[in-house]
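Protein chains in written order, with the numbering used here: chain A, 77 to 395; chain B, 949 to 1254.
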């Protein structure tokens, strides 16, 4: 490619950029034409909303449109932080994410390490296939099953009653103390297998000579895992961990919206579900845009920081 | 892929110590338990859906086999609810059209960004990657869709997500891994960019394209949120949204859907939600075992991209 380019356009100093661009466009007219719908898509559907973000600093008036509405500065941000919901939604977002980090993050790593110790390919494959499955079930179905199992007469209450006859049935999802537990454990149930794939792949790439060396030194299986498998997994673990830290303030709202009830808002309402409710159910477009924007900025900073750290620590970054 | 290692391990296998045997036993038991816990909820739903409704009502605890006489009455009831076949039809339509749009746009974008001597490539890539990390958010996007007069149309569901930038990057990686010499020799033979795309790049990246296609299709099948916020005509609802009304009925408009199915035979309403879940999930369960390995491949390609 380099040579042919050199033949076609020798690097003349006075050759101006536009002329080169023009020739490049003529030469690759088809490629540039393909670029048009793609660029149009990104500009309309990704940069369009970025243009609309200005309503966070305005009092949006549907009659006047985004541009015509009056500027109000930081009014909506201030009213969010002064209101009672700022602390509640930030706290819930952080707490649920930290629980996911504490319990949901190690789970697939442990699964991968244990699966690596299974030397019956068919058995291993079967377990993998089964554990990946929930990843493909829709959130609506998962939430539907959860609501059913957690209901007053649902499976979990029935089991509790079978174990302890004095148990009083209760709607489990309506209990504030249980909401996060149910949310996090169902998340682990759904994602443990799928998230383990990347660790299993990393383990399968481990040089078998390393294991042989442990064997020669008289190491047992525990030594193999401790001195070879885990160190070899470490770079992957570090990257995945940093990525999770980058997402500490963002949490999908789909499952939250499906599972929470007015009674559990106190522990379940996260920033994104609050934005949805205030924006699309209460039509406070400007206010909820402000909350969403605040959240997006924090997420952006977190991801950038996480990436910078990742680059320092592991010499592998996202880009 | 682990075969090589397994054989080495076997060759060097240190005498099976008692500790090792105990560990293996627990490890295998744990795996069986994990598989059981993973499958049980779906099994419960499947068994309950074909159980006799009264037997199910009086039953306590887990079910491992259909209770009472096996009956498909609740399935018949589910399919009598006109919203279910309608939702099915809508979902299939959204999956087909949506995936087609996704694939076309993703391939175009990936192709452009994988070409080597396109001058505007750098700024374009930057423009696109930025959208992965910063977006306007739910409300500005909603207002945009509204301003584009797309509310209550299929375009509101399909166009805003026409390209998943992540999938696009995976595709681009696959495209740029094709040896440049192939393209060059085609160029020498007078092929233009279109010919290169359709005759060389696409055929050679079929495995990756298949994976991306599956991701998009499953995404559309499972999607409900954008339909909930953008669609107002119930006749346009996708299956998942109907499902939400039936399963998570805490709104008044859901009662209509329930009444439609639970008219005279009250006990059947006990098992009807299970057959509804099954009806909506069976397509995924049917294709999953066969496509599983492609899905996994997708994760790997994504990871290698780094």
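From the three backbone atoms N, C-alpha and C, an ideal C-beta is built for every residue, glycine too.
If you're wondering where the values come from, they're calculated on a predicted model, not measured in any experiment.
Quick one, which residues of the segment 1042 to 1066 of chain B are near chain A if we go by CB-CB under 7 Å, in chain order?
1053, 1056, 1057, 1059, 1060, 1063, 1064, 1065, 1066
Report the residue from B:1191, B:986, B:1223 whose alpha carbon sits nearest the alpha carbon of residue 210 (chain A).
B:986
Counting only beta-carbon separations shorter than 9 Å, does residue 258 (chain A) have a partner in chain C?
Absent here is chain C; the protein component of the structure consists of chains A and B.
Taking 9 Å as the threshold (C-beta atoms), are residue 1014 (chain B) and residue 995 (chain B) in contact?
yes
What residue does the beta strand (DSSP E) around residue 1025 (chain B) start on, and which one ends it?
Per DSSP, residue 1025 (chain B) belongs to no beta strand (DSSP E); it is in the alpha helix (DSSP H), 1021 to 1028.
With a threshold of 8 Å, are at least 3 pairs of Cβ atoms found where one atom belongs to the segment 199 to 215 of chain A and the other to the segment 261 to 270 of chain A?
yes
Residues bridged to residue 147 (chain A) by DSSP?
A:134
Under the rule that 16 or more other beta-carbon atoms within 10 Å means buried, what is residue 1018 (chain B), buried or exposed?
exposed
Chain-ordered residues of the segment 1138 to 1163 of chain B with a beta carbon less than 7 Å from chain A
1140, 1141, 1142
Measure from the alpha carbon of residue 140 (chain A) to the alpha carbon of each residue in B:1221, B:1239, B:1095, then state which is nearest.
B:1095
Quick check: what's the CA-CA separation for residue 1043 (chain B) versus residue 1169 (chain B)?
6 Å
Cross-chain neighbours of residue 1232 (chain B) in chain A, by beta carbon under 7 Å:
212, 213
Using a Cβ-Cβ cutoff of less than 7 Å, which residues in the same chain neighbour residue 1158 (chain B) once the five nearest sequence positions on both sides are dropped?
1242
Would you tell me roughly how many angstroms separate the C-alpha atoms of residue 116 (chain A) and residue 284 (chain A), rounded to the nearest one?
50 Å
Beta carbon of residue 159 (chain A) nearer than 9 Å to that of residue 1192 (chain B)
no
In three-state terms, what does DSSP make of residue 1010 (chain B)?
coil
Going by CA-CA distance only, name the one from B:1105, B:1039, B:1089 that's closest to residue 1231 (chain B).
B:1039
Assuming the contact rule is C-beta atoms closer than 8 Å, residue 262 (chain A) and residue 222 (chain A) should be a hit. Round their C-beta distance to whole Å, please.
6 Å
Where do the N-terminal and C-terminal ends of the alpha helix (DSSP H) with residue 92 (chain A) fall, by residue?
Note, residue 92 (chain A): premise wrong, no alpha helix (DSSP H); not H, not E.
Would you mind stating whether residue 324 (chain A) and residue 308 (chain A) have Cβ atoms separated by less than 9 Å?
no
State whether the segment 1124 to 1140 of chain B contacts the segment 1178 to 1188 of chain B, with contact taken as three or more CB pairs (one from each stretch) at a distance under 8 Å.
no
Under 8 Å from the C-beta of residue 993 (chain B): neighbouring residues of chain A:
221
Taking just the CA atoms, how far does residue 1120 (chain B) sit from residue 951 (chain B)?
For residue 951 (chain B), the pLDDT reaches just 43, beneath the cut-off of 50, and the residue's location in the model is therefore unreliable, leaving the point undetermined.
Close-in-space but distant-in-sequence residues of the same chain around residue 993 (chain B) (CB under 6 Å, 5 per side omitted):
1222, 1225
Can you give, in chain order, each stretch of the alpha helix (DSSP H) that sits fully within the segment 215 to 252 of chain A and has at least 4 residues?
215 to 226, 231 to 239
Would residue 1174 (chain B) and residue 1228 (chain B) qualify as a contact pair, given that the criterion is a beta-carbon distance under 9 Å?
no
What are the boundary residues of the alpha helix (DSSP H) that residue 174 (chain A) is part of?
161 to 175
Residue interval of the alpha helix (DSSP H) (run including residue 341 (chain A)):
341 to 344
Run down chain A in chain order and give the residues with a C-beta less than 8 Å from the C-beta of residue 1008 (chain B).
234, 237, 238
Contact criterion: CB-CB distance below 9 Å. Does residue 1023 (chain B) meet it with respect to chain A?
no
So, using beta-carbon positions, are residue 1100 (chain B) and residue 100 (chain A) closer together than 9 Å?
no
Candidates A:281, A:272, A:199, A:335: which alpha carbon is nearest residue 185 (chain A)'s?
A:272
Using the Cα positions of residue 227 (chain A) and residue 997 (chain B), report the straight-line distance between them to the nearest angstrom.
18 Å
Using a Cβ-Cβ cut-off of 7 Å (strictly less than) and excluding sequence neighbours within five positions of residue 362 (chain A), which residues of its own chain qualify?
131, 132, 134, 135, 136, 152
What residues in the segment 336 to 363 of chain A have a beta carbon less than 8 Å from any beta carbon of chain B?
337, 348, 351, 352, 355, 356, 361
First and last residue of the uninterrupted alpha helix (DSSP H) at residue 302 (chain A):
Element bounds for residue 302 (chain A): n/a, residue is neither H nor E.
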